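This report concerns only the one structure given below.
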Amino acid sequence: MRGPESIFRGNPGLSFRPNPDYDSTLIRYVKGDGPTTRKYIDHLEAYIRFYENKNQIGDNFAVCEAIVRREQREKVCRFDIKTLGGNCVKQQNYGYDDGMPCVLLKLNKIFDWEPVPYNLSEVPEEIKDSYKEYAIKVTCKGELPADQENLGDISYYPNEGFHFKYYPYLNQQGYRSPLVFVQFENPKTGILLMIECKAWAKNIIHNRLQKLGTIHFELLID
10 MRGPESIFRG NPGLSFRPNP DYDSTLIRYV KGDGPTTRKY IDHLEAYIRF YENKNQIGDN
70 FAVCEAIVRR EQREKVCRFD IKTLGGNCVK QQNYGYDDGM PCVLLKLNKI FDWEPVPYNL
130 SEVPEEIKDS YKEYAIKVTC KGELPADQEN LGDISYYPNE GFHFKYYPYL NQQGYRSPLV
190 FVQFENPKTG ILLMIECKAW AKNIIHNRLQ KLGTIHFELL ID
């Protein structure tokens, strides 16, 4: 199915890692307690390993650092994990030991779907200050005013979001979905925080019930 043929089936959802307990959307651990953080760190590390350069080698991979739109649709852009920054890395245990956890986001794959940029006059207020016309911007915030107050500062790596050059997905050999790390820098401990993240493009609809363009999870650091 081509992306435009259906509003809902052609609209990508978001997913997150770590979620080692697939039936749960709760990330809960004790700050500084290795046994409670290990399952989250291991889950992220196993997923990121798929993106290491040694696993993105072959004639089907293109080096796309300077490319805004991929011209050779049959090839795939190599995703460089260096774009995920220096804070959300295994050497830092993805921030979990320090109470600054990183959460990995990705768009679910839809065959032949391509993001459409906003016209500059219609960029939503929520992303105006950081929007780039070549990327799907990502934002996260607390769902309720109390969540927003207690969630603290948030950083994104890469800040611009999911780059357009990784689309469309055509079942190409070796395809890697682009990733964004969200780091919660100083969330309040001892409080359950409800978080919603959204992906932004002109042709992405936000529908929580249908889980379109948005993802919900909870964070509790004891």
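Heads up, the sequence shown is in our numbering, so the first residue is 10 and it goes up one at a time.
Yeah, the Cβ is synthetic: ideal placement off N, Cα and C, and Gly gets one too.
Quantities reported herein were computed from a predicted structural model and do not represent experimental measurements.
Assuming residue i is part of the alpha helix (DSSP H), what are its boundary residues?
i    : result
E54  : 43–58
E158 : 154–160
Residue i by DSSP, collapsed to three states: which one?
i    : result
G95  : coil
N216 : strand
S164 : strand
K174 : helix
L129 : helix
Y38  : strand
Determine the closest residue to residue i out of the options, with distance taken between C-alpha atoms.
i    : options                : result
N96  : E169, Y184, S164       : S164
F70  : Q157, R185, K211       : R185
A144 : G151, E123, E134, E158 : E123
D162 : L221, Y56, G108        : G108
A210 : Y178, F171, G183, I200 : F171
R58  : M203, I90, Y31         : I90
P187 : F193, F173, G199       : F173
G151 : L202, E135, Q181, E61  : L202
I believe residue i touches residue j by the beta-carbon criterion, under 8 Å. Please report the beta-carbon distance rounded to the nearest angstrom.
i    : j    : result
V189 : V147 : 5 Å
P29  : K48  : 5 Å
E158 : K141 : The Cβ separation is near 29 Å, so there is no contact.
F193 : L228 : 7 Å
CA-CA distance, residue i and residue j?
i    : j    : result
D231 : K40  : 6 Å
N216 : E83  : 32 Å
V125 : P44  : 43 Å
H225 : K118 : 18 Å
E205 : C149 : 6 Å
T198 : R37  : 10 Å
N180 : I76  : 20 Å
D106 : T46  : 7 Å
G183 : A55  : 17 Å
K63  : F88  : 12 Å
S130 : K207 : 20 Å
Which residue marks the beginning of the beta strand (DSSP E) containing residue i, and which one marks its end?
i    : result
V189 : 189–193
I224 : 223–230
K150 : 144–151
V112 : 111–116
W122 : Unbroken run through W122: none, as it is neither H nor E.
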